Every structure is written in C-alpha cells, then in structure tokens.
Amino acid sequence: MRCLSLADALREQGGEITFVTAEPYFQRLIQTRGYPCTVLGTAYDRMEEELPVFLPILERERPELVILDSYFVTPQYMEAIRNISRLLYIDDLNAFDYPADAVVNYNIYGPELPYPQNKTYFLGPQYAPLRKEFQGLSQRNTKDRVENVLVSTGGTDQYHVALHCAEYLREHLPRENMIFHFVLGAMNRDIVQLEQIAKDFSFIKLHRQVTDMCSLMLQCDVAISAAGTTLYELCACGVPTVTYILADNQIQGAQMFQKAGLMPCAGDIREDACFLERLFELLNSLADDFSQRQRIAEQMQGAVDGRGAVRLAKEIQAWLGHSGFSATA
Numbered sequence: 004m005r006c007l008s009l010a011d012a013l014r015e016q017g018g019e020i021t022f023v024t025a026e027p028y029f030q031r032l033i034q035t036r037g038y039p040c041t042v043l044g045t046a047y048d049r050m051e052e053e054l055p056v057f058l059p060i061l062e063r064e065r066p067e068l069v070i071l072d073s074y075f076v077t078p079q080y081m082e083a084i085r086n087i088s089r090l091l092y093i094d095d096l097n098a099f100d101y102p103a104d105a106v107v108n109y110n111i112y113g114p115e116l117p118y119p120q121n122k123t124y125f126l127g128p129q130y131a132p133l134r135k136e137f138q139g140l141s142q143r144n145t146k147d148r149v150e151n152v153l154v155s156t157g158g159t160d161q162y163h164v165a166l167h168c169a170e171y172l173r174e175h176l177p178r179e180n181m182i183f184h185f186v187l188g189a190m191n192r193d194i195v196q197l198e199q200i201a202k203d204f205s206f207i208k209l210h211r212q213v214t215d216m217c218s219l220m221l222q223c224d225v226a227i228s229a230a231g232t233t234l235y236e237l238c239a240c241g242v243p244t245v246t247y248i249l250a251d252n253q254i255q256g257a258q259m260f261q262k263a264g265l266m267p268c269a270g271d272i273r274e275d276a277c278f279l280e281r282l283f284e285l286l287n288s289l290a291d292d293f294s295q296r297q298r299i300a301e302q303m304q305g306a307v308d309g310r311g312a313v314r315l316a317k318e319i320q321a322w323l324g325h326s327g328f329s330a331t332a
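For reference, each letter of the sequence shown is one residue, going 4 to 332 in the numbering used here.
Here it is in structure tokens:
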C-alpha cells in the first residue's frame, strides 16, 4: 500500500510506473489503480532466486529508478539491480549498509538510526507515504466525551487481538455510549466468533473490506492499533491512540512514539500475560483526560501532515534531476 501511495504521487509528477511482484495476490489491486503489474512467480522470501527472471525484465525496460520494498533483500540482490538501474530502498530496520543510491525510512525513529553517510536519505514521518485521503486534513476537534473507539489489528491478526479484545469487553462491559469499531483484515481467522459476540453485544461493530479508512478514523475519538503504518494514518487524523507491539519491526516505532509523548504503548502481546488489562487501563485513562487527548491530537497532526507521498515524490524527482522518468516498484 505504501508503494501504491508513492506511485500515485510519482505519476502526478510525470513518472511512468510499473510494478513487479513475486506472487499474484495484489496484482488485481495494482492493476485497478492503473498500473501494469508483472508477476514473477517466485518466492517473496527467497529474493536472490528471482534474479534470473527479474534481471532480464530490467535489462529490457531499463527504468531510471527501481524502488525496492522487502524485508528479505540481500546485498547481492541489491547490487545486481544497481548494476542496471538506480536503486531506492524503502527501509524500516537499517539491517546492513544497503548498496542502494537512496534510502527512505519514514518511521518516527528513522532520523535516529546510525545510517552510514554514503548515500541519499529521506528520513522521518514527513515522508510517510499515506493515501490521498489523509492529505491536508483539518485540525482535529477533540470532543469532551469519548464515544467511538477504533480497534485496528492488522490484516492477518495472527495473535487474535481483535477476538481477545472483544472477549475482554464481553466480560468487562465498557462505559455507557461507548462503541468499539473493529476493523477486520481479509485474512482474519476469527470472523465467526467475532460476529457472534457482535450479535450479542451492540457496542461492538465489525467493519470488513473498509474502503474509506480515513472517514472511519475521523469518526472515532480514540484508537487501539498495532505499531505499524496505521499509526501514521492515525497521526494525520489526530486520533489519540494506544498502541501495542506484535512484531520485532514494530518495537522501535512503538517505543519512539511513547517517548515522544504521542502514544502510550501497552507492550508486546507476544510476551505480556497482562497485556489486555494494561491496554484497556491505558485506553480508559486516555478517555478520561480531555486535555491530554487534545494535546496529543495536536502533536500527532503536527508530526504527520499526510503529504509525505507528495513530498517524497517531489524530492525523488529533484534527486533524479528532471520531471519525466520511469520507475519500477
């Protein structure tokens, strides 16, 4: 999704964009957004094995820029691409000295990482490539009373956070007039149980195949969310949030958001037996403190204005040195 957001902004700057993916799962989505998409038919987590298929495409197309987004890259893979085209890598981890021409890390901790100073960097939340609907939103009007709570648990929810939260709410009824909006990913395996709980308790609303996440976020007064890209969307909307960790690549982000006073963190669901109690304790504390929610909302929108994709596209254009270019994502 972040590549699609960046592709839209690059296209508006005159870029001609083509996508290449290992597997076919997102081909239709990419094509409906107006981009050609080549599926290599390879394993996404064994990237060097795809080079015999991918490199001939690069040799034929000769794009001026390859934008690479994968946690499974290797130095050898990147060097092979860079022998043909300029390379920009979207990073989260600073895993090694990437043999790329430029690196993007839009995470809040990006500027703090000890990157080697041997390439161009685009670091910090001002480059977060959010979808168009999150661009240029007006300042949040914080309500006195919390009534709507967003619960976002990711596409797969492998640790069953949505179900555990719903079960907790079933046993610990929320305060009057508080509605919990659960956003369920396409691969959530707990749909049947969640639908039964929602049927029995009207304060739980389930949302599937959400096409306008921005409007749903703006409807809500506070949120619960895993520490992924969704946090930057919540910042753009100014929705005070309690975050949590469910993967190693979320640890730095959750810690930095908490250190900056933007979002309290309920901990790592993989390790903390008291996770749910802490999560709802933090949520209720946030709901009870209007001045804290107002301050946090202002700081969130100050940190992320939603224009990161446009800003990044313009700087990539300037970095390449001209207005019209071709890129492969």
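The C-beta atom is built at its ideal place from N, Cα and C for all residues, glycine as well.
For clarity, every value in this text was computed on a predicted model and none was experimentally measured.
{"query": "Looking at Leu-153 and Leu-187, is the spacing between their C-beta atoms short of 8 Å?", "result": "no"}
{"query": "According to the neighbour-count rule (16 or more other Cβ atoms, all chains shown, within 10 Å of its Cβ), is Ile-248 buried or exposed?", "result": "buried"}
{"query": "Tell me whether Phe-99 is buried or exposed, calling it buried when 16 or more other Cβ atoms sit within 10 Å of its Cβ.", "result": "exposed"}
{"query": "Flag this pair as touching only if the segment 226-242 and the segment 301-310 have three or more C-beta atom pairs under 8 Å; answer yes or no.", "result": "yes"}
{"query": "Rounding to the nearest angstrom, what Cα-Cα distance links Gln-199 and Tyr-118 in this structure?", "result": "49 Å"}
{"query": "Does the beta-carbon distance from Leu-61 to Ile-93 come in below 8 Å?", "result": "no"}
{"query": "Are the CB atoms of Tyr-130 and Tyr-101 within a distance shorter than 8 Å?", "result": "no"}
{"query": "DSSP state of Asn-121, grouped into three classes?", "result": "coil"}
{"query": "Report, in whole angstroms, the separation of the C-beta atoms of Ala-230 and Ala-257, which I expect to be a contact under 8 Å.", "result": "4 Å"}
{"query": "Distance, Cα to Cα, Pro-177 vs Ser-294?", "result": "21 Å"}
{"query": "Starting from the N-terminal side, write out each stretch of the alpha helix (DSSP H) that is 4 residues or longer and does not extend beyond the segment 256-299.", "result": "278-291"}
{"query": "Figure out for me which residue from Ala-250, Gly-18, Gly-44 has the closest Cα to the Cα of Pro-1.", "result": "Because the chain in this structure spans residues 4 to 332, residue 1 falls outside the shown range and cannot be described."}
{"query": "Pull up the distance between the alpha-carbon of Ala-165 and that of Met-4, whole angstroms please.", "result": "22 Å"}
{"query": "Starting from Arg-134, trace the beta strand (DSSP E) both ways and give me its first and last residue.", "result": "That residue, Arg-134, is in no beta strand (DSSP E); it is neither H nor E in DSSP."}
{"query": "Counting only runs of 3+ residues fully inside the segment 36-74, write out the beta strand (DSSP E) ranges in chain order.", "result": "40-42, 68-71"}
{"query": "Label Cys-168 either buried or exposed according to how many other C-beta atoms from any shown protein chain fall within 10 Å of its C-beta, with 16 as the threshold for buried.", "result": "buried"}
{"query": "For Lys-135, tell me which candidate among Glu-318, Arg-63, Gly-311 has the shortest Cα-Cα distance.", "result": "Gly-311"}
{"query": "Starting from Ala-169 and walking both ways along the alpha helix (DSSP H), at which residues does that stretch end?", "result": "164-174"}
{"query": "Could you give the DSSP three-state label for Glu-2: helix, strand or coil?", "result": "No answer is possible for residue 2: it lies beyond the span of the chain, which begins at 4 and ends at 332."}
{"query": "Bridge partners for Lys-202 per DSSP, in chain order?", "result": "According to DSSP, Lys-202 bridges with nothing at all."}
{"query": "Under 8 Å between the Cβ atoms of Cys-223 and Val-245?", "result": "no"}
{"query": "Considering Cα atoms alone, identify which of Cys-217, Tyr-74, Tyr-162 is closest to Ala-276.", "result": "Tyr-162"}
{"query": "Grab the span of the alpha helix (DSSP H) containing Gly-311 for me, first residue to last.", "result": "311-323"}
{"query": "Would you list the one or two residues that DSSP bridges to Phe-183?", "result": "Val-152, Ile-207"}
{"query": "Between which two residues does the alpha helix (DSSP H) containing Tyr-235 stretch?", "result": "233-240"}
{"query": "Using C-beta distances below 8 Å, list every residue in its chain close to Trp-322, excluding the 5 sequence neighbours before and after it, in chain order.", "result": "Ala-105, Thr-123"}
{"query": "At which residues does the alpha helix (DSSP H) containing Glu-82 begin and terminate?", "result": "78-85"}
{"query": "Is the beta carbon of Ser-155 less than 8 Å from the beta carbon of Ser-88?", "result": "no"}
{"query": "Note down, in chain order, each residue of its chain lying with its Cβ closer than 6 Å to the Cβ of Leu-285, except the 5 sequence neighbours on either side.", "result": "Val-245, Pro-267, Ala-269"}
{"query": "For Ala-290 versus Val-225, is the C-beta distance shorter than 8 Å?", "result": "yes"}
{"query": "Would you kindly check if the distance between the Cβ of Glu-51 and the Cβ of Thr-24 is under 8 Å?", "result": "no"}
{"query": "Between the Cα of Ile-70 and those of Gln-30, Gly-37, Leu-9, spot the shortest distance and give me the residue it belongs to.", "result": "Leu-9"}
{"query": "How far does the alpha helix (DSSP H) with Ala-10 in it reach, from first residue to last?", "result": "5-15"}
{"query": "Out of Val-149, Ala-12, Gln-138, which has the shortest C-alpha to C-alpha gap to Ser-338?", "result": "Since the displayed the chain opens at 4 and closes at 332, residue 338 lies outside it and no answer follows."}
{"query": "Output the distance between the C-alpha atoms of Asn-191 and Thr-159, rounded to the nearest integer angstrom.", "result": "5 Å"}
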